[in-house]
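Quick notes on the structure that follows.
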Amino acid sequence: VTTCEHGLPAEFCPKCGKGQAPNLVKDGWCEEHNQPEATCPQCKAKATEEPEEPTKRKESGEGKEQAEKKADIRPLSIVKLKRPGLAGKIGLKTAPATEERHAHQLRGNAEAAYNASRYAEVRPRIAGFAREVKVEAGDEVRRGQVLAVIDSAEVGSAKAQYITAAAEVALAEATHKRTTTLVQKDALPGKNQLEAETAVNRSRAGLMDAEQRLRNLGLADPELARVRETRDTMSLLNVVSPIDGTVVVRKAVAGEAVEATTPLFAVADTSLMWAWIDLSERDASLVAKGQPVTFTVAGTDGDGYAGKVTWVGTEVNPQTRTTRVRAELKNHDGKLRANQFGRADIQVEDEHTSLLVPKTAVQDFERARLVFLAQDDGSYRPQRVMTRPASRSDVVEVTWGLKPGQRVVTTRSYLLKTELMRDALGAGCTDD
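All the letters of the sequence shown, read from the start, carry residue numbers 3 to 434 under this note's numbering.
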């Protein structure tokens, strides 16, 4: 049922559809204040009396479409059973509509995944051979820890270039110092000092280039200092972990040739995982960043993994017409695994008190939803209602059309709907 801008069912709103309100006076409508009794702030009257039998339509030349529109708001017939005691025989049971505290939730299919901000594929950055592999899949590693050692001639060449550049800088600086002294004593012309300064700048640029080449291979300041001090030109390069985490993929094999882009390892921090949730276009519009999420793995009955929404997708899948929502989940026990399927429940509003009825009590009839209210004389009055899903799967929340304590048919209410559709009493399934 579509809700209008006044917060009421569009078909019932007296402001959107003139002339409809009088037809609803006997269907939970406050005639005095021209509002639904459930939302009227002034009306303190009790439940309205049973509606009168609908009058027969006048024979006229109105079109089929117009007649169907009137049928949506016409008073509904009271359903009376043929004999006393028949309700028990056909299994009709009633229960009062109750108020409970709950939070409205949306549910969607979901898949667990690694947190992309805490997942890294490790590559050697240079071609060579895997000299040594130091870790296995499942090992816990720290940032900077050596995972493998690569033997590459290019590494030795880069180190030698760095050592040579450092020596050239030292020589150029020493030459410049002596030249400056001699120029000051007029032993040499001034152009010699300029040439010495140029040589210093050129050598320093060469050192910076050699240093940057080693940094691009992953060498940090301590390693650069060690190469410079020890004159180390070995062709070995350490492949280190860029993050703290667990080795989840190990492809490196000792002695195997590798390229600069060959993935050797994957390291992931599994304490925080992601869940990708697929929601319909309508449900996705209710989701916002920061809302609580619970992910339950398919086939399990546990409490699930708690988290929150971190991103709502900006596009709709053209095939499935769904939007992807990302949630971040806490996985302190490490039992949640990437690519596991399950369901995700997203809490889209704060916990509140609401009127709940069993899902089996609600029936669809003439483009509306209704429940059957038990009357004192043993009959059943159909009542139009508006509902939305609740946090429990066996109940729905009634947002309009029903009051707490009213007795609602909770089981086999479809039998009453059948009689309402046929407009016949005591026939078919309600007969002996």
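Using N, Cα and C, we set each Cβ at its ideal position, and we do this for glycine too. Bear in mind that the values here come from a model prediction, so they are computed numbers and not experimental data.
- The three-state reading of DSSP puts Gly192 in helix, counting H, G and I together.
- Residue state for Ile165 is assigned as helix, using DSSP reduced to three classes.
- Beta-bridge partners of Tyr416 (DSSP): none assigned.
- DSSP places Val311 outside any alpha helix (DSSP H); the residue lies instead in the beta strand (DSSP E), whose first and last residues are Tyr307 to Val314.
- Cα atoms of Ala259 and Asn218: separation of roughly 20 Å, rounded to the nearest angstrom.
- The C-beta distance from Val411 to Ala363 rounds to 6 Å, short enough to fall under 8 Å.
- Between Tyr307 and Leu266, the CB-CB gap reaches or exceeds 8 Å.
- For Val143, the pairing in a beta bridge is given by DSSP as Gly247.
- One alpha carbon belongs to Glu197, the other to Glu225, and they sit about 33 Å apart.
- DSSP places Glu175 in the helix class (H, G or I) of the three-state scheme.
- For Val229, no beta strand (DSSP E) encloses it; the enclosing alpha helix (DSSP H) starts and ends at Asp223 to Thr232.
- By the beta-carbon neighbour count (other beta carbons within 10 angstroms, threshold 16), Thr100 is exposed.
- Going by DSSP, Lys95 is part of the beta strand (DSSP E) stretching over Lys95 to Pro98.
- In this structure the stretch 75-89 does not touch the stretch 246-260; the number of beta carbon pairs closer than 8 Å is below three.
- Gln385 and Glu351 have their C-alpha atoms some 27 Å from each other.
- The criterion of a C-beta distance shorter than 8 Å is not satisfied by Glu330 and Trp278.
- Minimum Cα-Cα distance from Gly146 among the listed residues Asp246, Asp347 and Asp378 corresponds to Asp246.
- Nearest to Asp396 by alpha-carbon distance, out of Leu358, Gln195, Val387 and Asp379, is Leu358.
- Arg390 places its beta carbon less than 8 Å from that of Thr401.
- For Leu417 and Tyr382, the gap between their C-alpha atoms comes out near 11 Å.
- Looking at the DSSP output, Thr324 sits in a beta bridge with Ser282.
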